[in-house]
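*Asks:*
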Amino acid sequence: MNFVEYILDQINQAGQVSFKKMFGEYAIYCDEKVVALVCDNQLFIKATAGGRSMIDSIVEAPPYPGAKPYFLIGEQLDDRHWMSNLIRLTASELPAPKPKKSKFKKAKI
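Note that the sequence shown covers residues 1277 to 1385 in this note's numbering.
Set out below in structure tokens:
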């Protein structure tokens, strides 16, 4: 099992979870919202007020140069219940995804 599959297994109680490969790394989705990034086999959770209240010893770091700081999750990765709760809480605080624009332009008549 690779690291991304392990993360998905750990958070499978959070809701509808999935991942997409993006720019050589991975975005983790919960209920169609990007809640985390996996970069260099490290898990970065989007920073939210609820997440901040749930994490005891917060470590913030950007997942890649120039990015906003995310919560970097370490040893707590192995706590399936805690991880699912954190992901669920994070997803609940994020806005709904914007509808995708149509790729087709309407012909002017």
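Yeah, the Cβ is synthetic: ideal placement off N, Cα and C, and Gly gets one too.
Predicted, not measured: the structure shown is a model, and the values here were computed from it.
Give the DSSP bridge partners of Tyr-1346, in chain order.
*Replies:* Ala-1337
*Asks:* Looking at Lys-1322 and Tyr-1302, is the spacing between their C-beta atoms short of 8 Å?
*Replies:* no
*Asks:* Alpha carbon to alpha carbon, how far is Arg-1364 from Val-1290? Give it in angstroms, no decimals.
*Replies:* Inspection of the sequence shows that residue 1290 is occupied by Ala rather than by Val. Computed Cα separation, rounded: 5 Å.
*Asks:* CA-CA distance, Ile-1283 and Ile-1334?
*Replies:* Distance between the alpha carbons of Ile-1283 and Ile-1334 is about 19 Å.
*Asks:* Just confirm the distance between the C-beta atoms of Val-1280 and Val-1311, as a whole number of angstroms; I'd bet it's less than 8 Å.
*Replies:* Not confirmed; about 13 Å, so no contact.
*Asks:* Which residues in the same chain as Met-1359 place their Cβ atom closer than 6 Å to its Cβ, once the five residues preceding and following it in sequence are excluded?
*Replies:* Closer than 6 Å at the Cβ level, and outside the excluded window around Met-1359, lie Gln-1286 and Ile-1287.
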